[in-house]
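Numbering (our numbering), first residue to last: 2 to 185. What follows is a set of notes on a single structure, which appears directly below.
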């Protein structure tokens with residue numbers, strides 16, 4: 002059996018090919034792994050925020066308030082407590098929103114005049130109306146990839162941020178026993 006030997010000159014010419022091959026395989030592999038991590042993290046944040054607004058909506062329909070807070074601030078506090086730090090009531094710009102809708106006009110939120118005492122005089126948080134609790138939280142990719150994959154520069158793999166939104170709505174129940182109105 003004859004064994005062929007590689008000459009020193011041939012070995013010297015092919016010395017850097019391992020690094021090139023490593024780059025061609027490692028970069029796409031890491032991009033794929035980081036992409037999976039990003040999608041998983043985004044899904045976790047969305048499910049957490051969806052649960053937080055669902056809990057805020059459940060709290061809203063019972064007309065409960067925390068001591069010293071109106072109904073809207075109490076709802077935002079409940080959402081913040083269930084959001085695992087992804088959304089805060091004190092964020093600027095705001096990330097937690099509470100809106101009320103009349104059953105006859107579900108496309109138009111009932112505004113609350115800040116100069117009206119109690120704010121329920123405007124008809125917002127009254128039994129039978131619909132409350133919507135929502136969040137909109139910015140999400141930045143862990144490992145941004147070039148948007149040139151789609152050819153337009155702003156495609157699926159864009160380096161820009163986007164907003165994760167979640168919302169929940171329900172009909173407000175009746176006031177608790179002994180309560181005739183709740184300050185919004």
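Beta carbons: idealized from backbone N, C-alpha and C, even for Gly.
Assumed close pair residue i, residue j - CB separation to whole angstroms, cut-off 8 Å
i, j, result
"residue 129", "residue 70", "That belief does not hold up - the Cβ atoms of residue 129 and residue 70 are roughly 23 Å apart, past 8 Å."
"residue 53", "residue 136", "7 Å"
"residue 85", "residue 49", "5 Å"
"residue 134", "residue 183", "The pair is not a contact, with the Cβ atoms about 15 Å apart (cut-off 8 Å)."
"residue 78", "residue 67", "6 Å"
Distance CB(residue i)-CB(residue j) smaller than 9 Å
i, j, result
"residue 88", "residue 171", "no"
"residue 132", "residue 101", "yes"
"residue 109", "residue 103", "yes"
"residue 126", "residue 185", "yes"
"residue 1", "residue 83", "Outside the shown range of the chain (2 to 185) lies residue 1, about which nothing can therefore be said."
Extent of the continuous beta strand (DSSP E) run through residue i
i, result
"residue 139", "131–140"
"residue 107", "106–110"
Coil, strand or helix - residue i by DSSP
i, result
"residue 165", "strand"
"residue 202", "It is not possible to answer for residue 202, since the shown part of the chain is limited to 2 through 185."
"residue 10", "helix"
"residue 90", "coil"
"residue 172", "strand"
Other residues of its chain near residue i: CB distance less than 8 Å, five sequence neighbours each side excluded
i, result
"residue 163", "139 and 140"
"residue 63", "174 and 177"
"residue 169", "51, 54, 55, 57, 58, 133, 134 and 135"
Start and end residues, alpha helix (DSSP H) containing residue i
i, result
"residue 1", "Only positions 2 to 185 of the chain appear in the structure, and residue 1 is not among them; the question remains open."
"residue 49", "18–61"
Spatial neighbours of residue i in its chain, beta-carbon cut-off 7 Å, leaving aside the 5 residues before and after
i, result
"residue 51", "167"
Cβ-based neighbour list, residue i, same chain, cut-off 6 Å, excluding 5 preceding and 5 following
i, result
"residue 142", "39"
"residue 116", "Only weak support is given to the placement of residue 116: the predicted model assigns it a pLDDT of 43, under 50, and the value that follows is read from those uncertain coordinates. Hits under 6 Å: none found."
"residue 81", "89 and 90"
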